[in-house]
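All remarks here apply to the structure that follows.
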Amino acid sequence: MKNRLKVLRAENDWTQARLARELDVSRQTVNALETGKYDPSLPLAFKIARLFEQPIEDIFTDTSVSSR
Amino acid sequence: MTESKLESFWVRCGLGTASGRRAELRLAGMCLVWALSLTGGTYLIKSDLLPAGPISWAVAALPSAVAVFVLVEYTRFLREADELHRLIQLQALAFGFGGGFFVIIGYLQFEKLGAPTVGCTDLLTVMPLLYAVGTLVGWRRYR
Chain A
463 MKNRLKVLRA ENDWTQARLA RELDVSRQTV NALETGKYDP SLPLAFKIAR LFEQPIEDIF
523 TDTSVSSR
Chain B
705 MTESKLESFW VRCGLGTASG RRAELRLAGM CLVWALSLTG GTYLIKSDLL PAGPISWAVA
765 ALPSAVAVFV LVEYTRFLRE ADELHRLIQL QALAFGFGGG FFVIIGYLQF EKLGAPTVGC
825 TDLLTVMPLL YAVGTLVGWR RYR
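Next comes the structure, spelled out in structure tokens:
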């Protein structure tokens, strides 16, 4: 799963710590999400989408589908 | 350092959320109380400082009573942890419990072949050790 979290965070000029606070997760979680080491749960993905006011599919891309 | 600055530091270091931090501190405190009650109780019982009877039994039962609170705090800690830390804990528990079980069973085979006999209590320490290793591996993996 790919995501645009790092780009969106940069657009808002937020640090990882700030984004972590907004999402109520640890900075380690934000870092793992941005580096693609960890895929978020559906509730967290919705929370991210709400925070950046974008549809989930604009933020997350299922690479297994797009590579077919 | 004020509470908010400490929480901010905690989050900046990626050590968890503010509520997770409080749960971790409560758990660490309860683990410390358990360890003290176990070592203190063992010392008192082994050194024959206690009169035989209900007091000895109460001292012997104290670590088990404290352990209930440790488990309650650990459950609370898991509830408060964010989803990545919950995953790390799940993997660490699997590593600690599963790995420990297989190490113990494996060593018992060697004992049959003449390896030094190790007490059950000593063998069980493998589980928390492997749990700690599993936690560290998880932290490194997702850092």
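Protein chains in written order, with my numbering: chain A, 463 to 530; chain B, 705 to 847.
For every residue, glycine included, the Cβ atom is placed at its ideal position computed from N, Cα and C.
(message) My assumption, with CB atoms under 8 angstroms, is that Ala494(A) sits in contact with Tyr500(A). Please give the rounded CB distance.
(response) 4 angstroms
(request) Counting only the same chain and skipping the five closest in sequence on each side, list residues whose C-beta sits under 7 angstroms from that of Gln795(B). (result) Gly838 and Gly842
(request) Answer yes or no: does any C-beta atom of chain B fall closer than 8 angstroms to that of Ala494(A)? (result) yes
(request) Could you tell me whether the region 776 to 784 of chain B touches the region 797 to 816 of chain B, where touching means 3 or more Cβ pairs closer than 8 angstroms? (result) Of all C-beta pairs linking the region 776 to 784 of chain B to the region 797 to 816 of chain B, fewer than three are shorter than 8 angstroms, placing the two stretches out of contact.
(message) Within 10 Å of its beta-carbon, does Gln516(A) have 16 or more other beta-carbons around it, so buried, or fewer, so exposed?
(response) Classification for Gln516(A): exposed.
(request) Under the assumption that Leu828(B) contacts Gly803(B) (Cβ atoms under 8 angstroms), give the Cβ distance between them as a whole number of angstroms. (result) 13 angstroms between Cβ atoms; not a contact.
(request) With Glu515(A) as the anchor, note down where its alpha helix (DSSP H) starts and where it stops. (result) No alpha helix (DSSP H) holds Glu515(A); DSSP gives it neither H nor E.
(message) Mapping the DSSP letters down to three states, classify Asn465(A) as helix, strand or coil.
(response) strand
(message) Considering only the alpha carbon of each residue, which of Trp476(A), Val487(A) and Ala479(A) lies closest to Glu784(B)?
(response) Val487(A)
(message) Any beta carbon from chain A within less than 8 angstroms of Leu840(B)'s own beta carbon?
(response) no
(message) For a quick check, are the C-beta atoms of Ile792(B) and Tyr846(B) less than 8 angstroms apart?
(response) yes
(request) Indicate whether at least one CB of chain A lies closer than 8 angstroms to the CB of Arg783(B). (result) no
(request) Assuming Leu740(B) contacts Leu748(B) (C-beta within less than 8 angstroms), just tell me the rounded distance between them. (result) With a Cβ gap of about 12 angstroms, Leu740(B) and Leu748(B) do not count as contacting.
(request) Please name the residue, chosen from Ala819(B), Pro832(B), Thr821(B) and Pro758(B), that lies closest to Phe805(B) on a Cα-to-Cα basis. (result) Pro832(B)
(message) Short of 8 angstroms in beta carbon distance, which residues of its chain neighbour Gly498(A), apart from the five on each side in sequence? Order them along the chain.
(response) Met463, Lys464 and Asn465, listed in sequence order.
(message) Quick check: the Cα distance between Pro758(B) and Ala771(B), rounded to an integer number of angstroms?
(response) Pro758(B) and Ala771(B): Cα-Cα distance of roughly 20 angstroms.
(request) Please check if any C-beta of chain B sits within less than 8 angstroms of the C-beta of Asp475(A). (result) no
(message) Excluding the 5 residues flanking Thr821(B) on each side, which residues of the same chain have their C-beta closer than 7 angstroms to its C-beta?
(response) Answer for Thr821(B): Glu815, listed in chain order.
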